[in-house]
Amino acid sequence: MTNIAFKKDLKIAVLSGKGGAGKTLLSVNLAAAASQSNYIDCDVEEPNGHLFFNPTWYMEKDVFVKIPVVDESICDGCRKCLDFCRFNALAYINNRLKIYEDICHSCGGCILVCPLMALTEKDKLIGKVSLGNSEDVRVLSGMINIGDSSGTPIIKELLSQSRSLSDKRPTFIDCPPGSSCIVMESIKDADFCLIVMEPTIFGRHNFDMVYDLVKLFNKPSAVVINKSIDGYNPSENFTDKDEIKVLEKIPFDKELGLLSSNAEIVVRKSAKYRNFFSSLLEKIYMEVSNETVTRT
Amino acid sequence: MKIAIPADNNNIDSKVSQSFGRAPFFLIYDTETEKSEFLNNTAASLQGGAGIKAAQLIVDSKASALLAPRCGQNAADVLKSGNISIYKIEATSLMENITAFKENRLALLQDIHTGFHDKYRV
Numbered sequence: 000m001t002n003i004a005f006k007k008d009l010k011i012a013v014l015s016g017k018g019g020a021g022k023t024l025l026s027v028n029l030a031a032a033a034s035q036s037n038y039i040d041c042d043v044e045e046p047n048g049h050l051f052f053n054p055t056w057y058m059e060k061d062v063f064v065k066i067p068v069v070d071e072s073i074c075d076g077c078r079k080c081l082d083f084c085r086f087n088a089l090a091y092i093n094n095r096l097k098i099y100e101d102i103c104h105s106c107g108g109c110i111l112v113c114p115l116m117a118l119t120e121k122d123k124l125i126g127k128v129s130l131g132n133s134e135d136v137r138v139l140s141g142m143i144n145i146g147d148s149s150g151t152p153i154i155k156e157l158l159s160q161s162r163s164l165s166d167k168r169p170t171f172i173d174c175p176p177g178s179s180c181i182v183m184e185s186i187k188d189a190d191f192c193l194i195v196m197e198p199t200i201f202g203r204h205n206f207d208m209v210y211d212l213v214k215l216f217n218k219p220s221a222v223v224i225n226k227s228i229d230g231y232n233p234s235e236n237f238t239d240k241d242e243i244k245v246l247e248k249i250p251f252d253k254e255l256g257l258l259s260s261n262a263e264i265v266v267r268k269s270a271k272y273r274n275f276f277s278s279l280l281e282k283i284y285m286e287v288s289n290e291t292v293t294r295t
Numbered sequence: 000m001k002i003a004i005p006a007d008n009n010n011i012d013s014k015v016s017q018s019f020g021r022a023p024f025f026l027i028y029d030t031e032t033e034k035s036e037f038l039n040n041t042a043a044s045l046q047g048g049a050g051i052k053a054a055q056l057i058v059d060s061k062a063s064a065l066l067a068p069r070c071g072q073n074a075a076d077v078l079k080s081g082n083i084s085i086y087k088i089e090a091t092s093l094m095e096n097i098t099a100f101k102e103n104r105l106a107l108l109q110d111i112h113t114g115f116h117d118k119y120r121v
């Protein structure tokens with residue numbers, strides 16, 4: 000479909016500083032426009048890409064993390080594990096070690112520092128990943144269990160699943176909102192970051208946070224403005240030192256809103272939007288190939 | 000018996016700190032000898048788990064009761080394991096609360112909040 004040279008397993012992360020900016024709209028429709036692609040829903044706290052793709056699932060896998068367990072007959076209360084734990088997931092009260100599983104980040108450090116080897120590991124189930132197909136798009140979706148607080152291990156599992164796939168396809172990563180650990184994990188392997196911005200002052204503020212993160216990771220990036228209307232746009236006050244390019248503006252359009260709110264994939268329903276997202280995809284591929292040229 | 004109160008400053012004229020885990024100091028007051036001692040809350044500036052760490056400090060101080068405006072779930076759990084009762088206080092000065100405690104005017108803290116950590120943790 001395109002003559003531009005780029006690697007076949009290109010990974011494009013779609014991110015934004017806030018929810019509701021249009022990450023899922025973009026990543027779902029770009030994946031559908033690309034065809035023979037992978038779509039990864041890394042927003043494991045509230046995944047919704049599968050609602051659009053309605054895939055036929057063919058695999059499901061539980062995700063576990065390691066949590067320390069103490070053998071009280073061995074522990075002598077030296078508290079080396081308490082001193083080590085950056086998250087303070089351990090306490091020593093009435094000659095007993097208490098472990099707060101919800102606070103633990105599964106680093107395993109307490110087990111290493113225990114001089115008596117009183118600590119061992121156990122598995123804790125925190126969620127699952129599912130793989131399925133929707134027409135020619137492969138859908139990878141992660142879901143964290145209610146009450147668990149860190150989705151990072153689930154995102155790791157999603158990306159590891161995508162790496163182990165035998166066919167090389169372009170991959171579109173639907174990131175969680177914001178710029179926290181789970182977003183860093185989601186963009187880590189990406190070749191290109193596409194930032195979605197709303198045309199408001201708030202949208203601009205959120206963009207700045209994510210742009211800082213993307214620069215920190217040294218990722219090539221570009222912006223798409225969603226819900227764009229004619230006239231003054233307070234988000235577009237880019238200063239001269241901003242090197243980021245606005246690739247496309249998605250119009251604030253009733254047809255688009257209606258299809259999306261009915262969980263339809265716009266490129267599969269509207270010829271106009273199929274062309275729109277295909278053209279955006281070409282522009283992204285062009286950006287990536289330019290990056291490859293300038294960087295090598 | 001010894002009682003603990005979160006304090007904004009390390010003197011007896013200080014106000015009560017509205018936070019437990021993030022309080023700058025703890026007053027440890029001995030109701031028998033009427034002696035007061037201030038502990039630096041080393042947990043105050045921690046990134047996470049401040050409630051657990053602060054509660055560990057109180058347990059280690061051998062206090063039998065904590066007097067606080069509020070307390071999070073993890074901290075309350077540590078204190079409970081250490082057999083420390085938590086009393087709810089409303090007055091702003093340390094001395095007023097000590098007097099109220101001595102006169103048995105304080106009720107046990109019932110509304111333990113679930114903590115603010117989960118919502119914003121990265």
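Taken in order, these protein sequences are the chains called A and B.
As numbered in numbering that gives the first Met the number 0, residues 0 to 295 make up the first sequence, in order.
As numbered in numbering that gives the first Met the number 0, residues 0 to 121 make up the second sequence, in order.
Idealized CB from N, CA, C, for every residue including glycine.
Problem set entry | Nearest neighbour of B/E89, chosen from B/Y28, B/N82, B/S18, B/L45 [CA to CA] | Here the question's residue 89 of chain B lines up with position 90 in the second sequence. Nearest of B/Y28, B/N82, B/S18, B/L45 to B/E89, Cα basis: B/S18.
Exercise. Across which residues does DSSP place A/K248 in a beta bridge pair?
Worked result: Taking the first residue of the first sequence as 1, we reach residue 248 of chain A at position 249. A/K248 pairs with A/I224.
Exercise. Alpha carbon to alpha carbon, what distance is there between B/I111 and A/S133?
Worked result: The sequence position of residue 133 of chain A within the first sequence is 134, counting from 1. The sequence position of residue 111 of chain B within the second sequence is 112, counting from 1. Spanning the two alpha carbons is a distance of roughly 47 Å.
Exercise. Taking all protein chains shown into account, do 16 or more other C-beta atoms lie within 10 angstroms of the C-beta of A/Y38, making it buried, or fewer, making it exposed?
Worked result: Within the first sequence, the letter at position 39 stands for residue 38 of chain A. Classification of A/Y38: buried, given that the 10 Å Cβ count is 16 or more.
Exercise. In whole angstroms, what separates the C-alpha of A/N87 from that of B/I4?
Worked result: Here residue 87 of chain A corresponds to residue number 88 of the first sequence, with the count starting at 1. Here residue 4 of chain B corresponds to residue number 5 of the second sequence, with the count starting at 1. One C-alpha to the other measures close to 21 Å.
Exercise. In three-state DSSP terms, what is A/G230?
Worked result: Here residue 230 of chain A corresponds to residue number 231 of the first sequence, with the count starting at 1. A/G230 falls in the coil class under three-state DSSP.
For this session: Please name the residue, chosen from A/A90, A/T170, A/C74, A/A32, that lies closest to A/K268 on a Cα-to-Cα basis.
Result: Here residue 268 of chain A refers to the residue found at position 269 when the first sequence is read from its first residue. Here the closest residue by C-alpha is A/A32.
Exercise. Between the stretch 49 to 57 of chain A and the stretch 216 to 231 of chain A, do at least 3 Cβ pairs fall closer than 8 Å?
Worked result: Not touching, per the Cβ criterion.
For this session: Examine chain A for any beta-carbon lying closer than 9 Å to the beta-carbon of B/F19, and answer yes or no.
Result: Taking the first residue of the second sequence as 1, we reach residue 19 of chain B at position 20. Judged by the 9 Å Cβ criterion, B/F19 is not in contact with chain A.
Exercise. Can you find a CB in chain B that lies within less than 9 Å of the CB of A/A12?
Worked result: As a first step, residue 12 of chain A must be located in the first sequence, where it is residue number 13. Output row for A/A12: interface = no.
For this session: Report the partner residues of A/D40 according to the DSSP bridge assignment.
Result: Locating residue 40 of chain A in the first sequence gives position 41, counting from the first residue. Note: A/D40 sits in a beta bridge opposite A/S140, A/D173.
Exercise. Within the 9 Å Cβ cut-off, does B/S80 reach chain A?
Worked result: One-based indexing of the second sequence puts residue 80 of chain B at position 81. True, the Cβ-Cβ gap to chain A drops below 9 Å.
Exercise. Which stretch, first to last residue, makes up the beta strand (DSSP E) that contains A/F83?
Worked result: Here the question's residue 83 of chain A lines up with position 84 in the first sequence. Residue range 79 to 83 is occupied by the alpha helix (DSSP H) that includes A/F83, with no beta strand (DSSP E) assigned at that position.
Problem set entry | Where the stretch 86 to 100 of chain A meets chain B: residues whose CB sits under 9 Å from a CB there | F86, N87, A88, L89, A90, Y91, I92, N93, R95, K97, Y99
Exercise. Short check: CB of A/D82 to CB of A/D173, under 9 Å?
Worked result: Translated into the one-based positions of the first sequence, residue 82 of chain A becomes position 83. Translated into the one-based positions of the first sequence, residue 173 of chain A becomes position 174. No, the Cβ-Cβ distance between A/D82 and A/D173 is not below 9 Å.
Problem set entry | Test: B/K61 CB closer than 9 Å to a CB of chain A | Residue 61 of chain B sits at position 62 when you count from the first residue of the second sequence. So, not an interface residue.
Problem set entry | Residue nearest to A/N93 in terms of C-alpha spacing, selected from B/A54, B/N40, B/A49 | On the first sequence, residue 93 of chain A is found 94 positions in, with the first residue counted as 1. If we check each option's Cα against that of A/N93, B/A54 comes out closest.
Exercise. Should B/L107 go down as buried or exposed, given a rule of 16 or more other Cβ atoms within 10 Å for buried?
Worked result: Locating residue 107 of chain B in the second sequence gives position 108, counting from the first residue. B/L107 comes out exposed.
Exercise. Taking buried to mean at least 16 other C-beta atoms within 10 Å of its own C-beta, is B/K52 buried or exposed?
Worked result: Taking the second sequence and counting its residues from 1, one reaches residue 52 of chain B at position 53. Buried, by the Cβ-count rule.
For this session: Quick one: grab the DSSP three-state call for A/L130.
Result: Here residue 130 of chain A corresponds to residue number 131 of the first sequence, with the count starting at 1. Strand, per DSSP.
Exercise. Taking DSSP as the reference, what is the three-state secondary structure of A/A90?
Worked result: Translated into the one-based positions of the first sequence, residue 90 of chain A becomes position 91. Strand at A/A90.
Exercise. If you compare alpha carbons, which of B/R104, B/G81, B/Q109 is closest to A/K97?
Worked result: Stepping through the first sequence from its first residue, residue 97 of chain A is reached at position 98. When only C-alpha atoms are compared, the closest one is B/G81.
For this session: On the DSSP bridge assignment, give the partners of B/H112 in chain order.
Result: On the second sequence, residue 112 of chain B is found 113 positions in, with the first residue counted as 1. BP columns for B/H112 point to B/G71.
Exercise. In terms of alpha-carbon separation, which member of A/D101, A/P67, A/S105, A/C109 lies closest to A/A77?
Worked result: The residue you call residue 77 of chain A lines up with position 78 of the first sequence. Note that residue 77 of chain A is Cys in the sequence shown, not Ala. From the listed residues A/D101, A/P67, A/S105, A/C109, the smallest Cα separation to A/C77 is found for A/C109.
Problem set entry | For A/C192, the residue or residues it bridges with in DSSP | In the first sequence, residue 192 of chain A corresponds to position 193, counting from 1. For A/C192, DSSP records a beta bridge to A/A12, A/S220.
For this session: Identify the continuous beta strand (DSSP E) that holds A/E59 and give its terminal residues.
Result: The sequence position of residue 59 of chain A within the first sequence is 60, counting from 1. Start and end: 55 to 69.
Exercise. In chain order, what residues of the same chain have a beta carbon less than 7 Å from the beta carbon of A/E247, not counting five sequence neighbours either side?
Worked result: For the purposes of this step, residue 247 of chain A is taken as the residue at position 248 of the first sequence. Correct list, in chain order: V223, L279, K282.
Exercise. Can you name, in chain order, every residue of its own chain whose Cβ lies under 8 Å from the Cβ of A/C180, other than the five neighbours on each side?
Worked result: Numbered from 1 along the first sequence, position 181 holds the residue referred to as residue 180 of chain A. Here the set comprises S149, T151.
Exercise. Under 7 Å Cβ-Cβ, which residues of chain B neighbour A/I200?
Worked result: As a first step, residue 200 of chain A is located in the first sequence; it is residue number 201 there, counting from the start. By Cβ distance, chain B contributes nothing, its closest Cβ being about 23 Å from A/I200, past 7 Å.
Exercise. Between which two residues does the beta strand (DSSP E) containing B/N8 stretch?
Worked result: In the second sequence, residue 8 of chain B corresponds to position 9, counting from 1. Secondary structure note for B/N8: it is in no beta strand (DSSP E), with a DSSP letter that is neither H nor E.
Exercise. Can you tell me where the beta strand (DSSP E) with A/I181 in it begins and where it stops?
Worked result: If you number the first sequence from 1, residue 181 of chain A lands on position 182. No beta strand (DSSP E) contains A/I181, which is instead part of the alpha helix (DSSP H) from 180 to 186.
Exercise. Looking at the structure shown, is B/N82 part of a helix, part of a strand, or coil, going by DSSP?
Worked result: Stepping through the second sequence from its first residue, residue 82 of chain B is reached at position 83. In this structure, B/N82 counts as coil in the three-state DSSP scheme.
Exercise. Hey, does B/A6 have any beta-carbon neighbour from chain A nearer than 9 Å?
Worked result: As a first step, residue 6 of chain B must be located in the second sequence, where it is residue number 7. By this cut-off, B/A6 is not an interface position.
Problem set entry | Same chain, Cβ closer than 6 Å to A/G18, neighbours up to 5 away in sequence not counted | As a first step, residue 18 of chain A must be located in the first sequence, where it is residue number 19. The answer, listed in chain order, is P176.
Problem set entry | Contact under 9 Å by Cβ, B/M0 with B/A64 | Along the second sequence, read from residue 1 onward, the residue named residue 0 of chain B stands at position 1. Along the second sequence, read from residue 1 onward, the residue named residue 64 of chain B stands at position 65. Pairing B/M0 with B/A64 gives a Cβ-Cβ distance under 9 Å.
Exercise. Does the stretch 84 to 103 of chain B come within contact of the stretch 97 to 106 of chain A, defined as at least 3 CB pairs closer than 8 Å?
Worked result: no
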